[in-house]
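Numbering (the numbering used here), first residue to last: 212 to 348.
Following this line, the structure appears as structure tokens:
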């Protein structure tokens, strides 16, 4: 242990860091002063006053309850429905009013097959349903 004791007559091995800290602080101040301030303008689109008020929003239609049980049976508003008929039923609901679609609330059993849920979601996508929610048991 060469640095353990300072009682010997040898050279002092401690580093004097005070000049190093002074130089670093001076450099930091120089860099802070000389660095250009970066000011980038931010474009904000504020709403403009209009003479025509927007139309009143329509009341949303009642949501569609779609339940998948453990056996893979699909229930459309508590009515058993085959999976291959879902897309036409969903498309009919969308075509009533494409701007005010009903919400499709999907509830699945914990033991339900994922393949049935994937088919239901694919049918909803193909029918262009945009409001899809999942209901927890």
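For glycine and all other residues, C-beta sits at the position ideal for the given N, C-alpha and C.
For clarity, every value in this text was computed on a predicted model and none was experimentally measured.
{"Check": "Other residues of its chain near residue 326: CB distance less than 7 Å, five sequence neighbours each side excluded", "Outcome": "none"}
{"Check": "Distance CB(residue 315)-CB(residue 343) smaller than 8 Å", "Outcome": "yes"}
{"Check": "Reference residue 269; option with closest CA among 340, 323, 311", "Outcome": "311"}
{"Check": "Reduced DSSP secondary structure (H/G/I, E/B, other) of residue 319", "Outcome": "strand"}
{"Check": "Option nearest residue 295 by Cα separation, candidates 330, 258, 224", "Outcome": "330"}
{"Check": "Continuous alpha helix (DSSP H) stretch holding residue 283: start and end", "Outcome": "Per DSSP, residue 283 belongs to no alpha helix (DSSP H) and is neither H nor E."}
{"Check": "Limits of the alpha helix (DSSP H) - the one that residue 303 falls within", "Outcome": "297-307"}
{"Check": "The region 227-244 touching the region 255-272, judged by at least three CB pairs closer than 8 Å", "Outcome": "no"}
{"Check": "Beta-carbon contacts of residue 298 that lie in its chain and below 7 Å, excluding the five residues immediately before and after", "Outcome": "334, 337, 338"}
{"Check": "Residue 313 - DSSP class collapsed to helix/strand/coil", "Outcome": "coil"}
{"Check": "Beta-carbon contacts of residue 341 that lie in its chain and below 7 Å, excluding the five residues immediately before and after", "Outcome": "312"}
{"Check": "Whole-angstrom distance between residue 292 and residue 284, CA atom to CA atom", "Outcome": "8 Å"}
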